[in-house]
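See below for the structure under consideration.
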Amino acid sequence: MAYTTTTTQDLRPAGPAGLPLGMVDGVRRRRIAAVALDLVLVSIVAFGLWLALLVLTFGLSLVILPPLFPFVAFFYNGLTVSGPSMATPGMRLCGLELRTDATGARVPFLNAALHAVLFYFSWTVPPILLVSLVTRDKRCLHDMLSGVIVVRRL
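The opening position of the sequence shown corresponds to residue 1 in the UniProt record's numbering, with each subsequent residue numbered one higher.
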């Protein structure tokens, strides 16, 4: 008669898209660091673009700085998350990636861009970000609404 042992790892339920819950361990701290890095990178890109426009338009573009940051952030997040690495540069440095919660596949551009818009909107109502403290898979409300999950890179 053969006996098999069951570890607690085997008893852990699968998360969204059948991903093991171990893939979301330590995600919150990494996400905070990734957001800080990405905000710095987006700010640098937006400032560089604004400076280039300032020179090219002889100062007439001074008034477009406020809408320039969201525009850059939208495409920065949409293009990097929907790309082959499935993560922004900040997320890559922190060992994270974004996947769809239904299949665990790469996130399409529109979902990634929607995720970015909802993420930046959630900063206007900070208590919304606390949702990740009570969800089993550590997802924020904007993750759930855009159909994605942040996991550790393999």
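Every residue, glycine too, gets a C-beta built ideally from N, C-alpha and C.
| Check | Outcome |
| --- | --- |
| Whether F109 touches S82 by CB criterion (7 Å) | yes |
| Cβ contact (3+ pairs, closer than 8 Å) linking the segment 21-32 and the segment 91-105 | yes |
| Between the CA atoms of S146 and L118 - distance to the nearest angstrom | 8 Å |
| Proximity winner among V24, V150, F58, relative to G90 (alpha-carbon distances) | V150 |
| Cβ shell of R42 (< 8 Å), same chain only, five flanking positions each side left out | Note that residue 42 is Val in the sequence shown, not Arg. Result list for V42: F69, V72, A73, Y76, in chain order. |
| Segments of 4+ residues assigned as alpha helix (DSSP H) that fall wholly inside the segment 44-87 | 65-81 |
| G78, buried or exposed, once every other Cβ within 10 Å from all chains shown has been counted against 16 | buried |
| Sequence-distant residues of the same chain with beta carbon closer than 6 Å to R153, five excluded per side | G95, E97 |
| Between the CA atoms of V55 and S61 - distance to the nearest angstrom | 9 Å |
| Burial state of D25 (16 or more Cβ within 10 Å) | exposed |
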